[in-house]
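Below is one structure; the comments refer to it alone.
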Amino acid sequence: MVRPRLWTSTSGYPADHNYVRRYWTAAIGAGAVADLLRLIQAAKRQFSIRRPVNTPALARSGLIIGRNDELYVRSTVPPLPGELLRRLPPALRQEIAQLDGNPSGSLGATS
Numbered sequence: 006m007v008r009p010r011l012w013t014s015t016s017g018y019p020a021d022h023n024y025v026r027r028y029w030t031a032a033i034g035a036g037a038v039a040d041l042l043r044l045i046q047a048a049k050r051q052f053s054i055r056r057p058v059n060t061p062a063l064a065r066s067g068l069i070i071g072r073n074d075e076l077y078v079r080s081t082v083p084p085l086p087g088e089l090l091r092r093l094p095p096a097l098r099q100e101i102a103q104l105d106g107n108p109s110g111s112l113g114a115t116s
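Right, here's the structure in full:
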């Protein structure tokens, strides 16, 4: 069991935003996004839950941080980093580029 704590972040998307469900799901998988949403809710409610199976994927993506036997989860979800953007199909990359005001679809600088 783990009792996640909220890592307050000021930039990014609310967890229930369509950006998270559409693009993060495409990048890291539905199971990882579902685990992220469960962690965020548990942190907000100060509940303990079973450690999610996708904890390593969430940590690699920068969505959670484990420190001193504690798990911190972001309060908002950031835009996809460059290394995850490159994994997306071209159509999804184009959608994100249009959201960012870059109609050419270029990913710009890498993270």
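Residues in the sequence shown are numbered from 6 upward in steps of one, following this note's numbering. Backbone N, C-alpha and C define an ideal beta-carbon position, used for all residues, glycine too. All of these numbers come straight from a predicted model, not from anything done at the bench.
From the options, pick the residue whose C-alpha is nearest to that of residue i; which is it?
i           : options                       : result
serine 80   : Ala37, Ala64 and Gln46        : Gln46
serine 14   : Pro86, Ala64, Leu93 and Ile69 : Ile69
proline 9   : Val78, Leu42 and Pro84        : Val78
leucine 41  : Arg27, Ala31, Arg50 and Leu63 : Leu63
tyrosine 24 : Arg43, Pro83 and Leu89        : Pro83
leucine 11  : Arg26, His22 and Arg50        : Arg50
Taking buried to mean at least 16 other C-beta atoms within 10 Å of its own C-beta, is residue i buried or exposed?
i             : result
alanine 39    : exposed
arginine 98   : buried
alanine 48    : buried
alanine 35    : exposed
asparagine 59 : buried
proline 19    : exposed
Between the C-alpha atoms of residue i and residue j, what's the straight-line distance to the nearest angstrom?
i             : j                : result
serine 66     : arginine 55      : 20 angstroms
glutamine 103 : alanine 96       : 11 angstroms
leucine 112   : phenylalanine 52 : Confidence at leucine 112 is low in this model, with a pLDDT of 43, below 50, so its placement is unreliable and no value can be given for it.
serine 109    : tryptophan 29    : Any reading at serine 109 must be qualified, since the residue scores a pLDDT of 45, below 50, and its modelled position is unreliable; the value itself is stated next. Looking at the two C-alpha atoms, the distance is approximately 21 angstroms.
leucine 76    : valine 7         : 7 angstroms
proline 94    : isoleucine 101   : 11 angstroms
arginine 91   : glycine 71       : 26 angstroms
proline 86    : aspartate 74     : 26 angstroms
alanine 32    : aspartate 105    : 17 angstroms
serine 16     : alanine 37       : 21 angstroms
glutamate 88  : arginine 26      : 18 angstroms
Between residue i and residue j, which are expected to be in contact by the criterion C-beta below 8 angstroms, what is the C-beta distance as a whole number of angstroms?
i           : j          : result
arginine 43 : proline 57 : 7 angstroms
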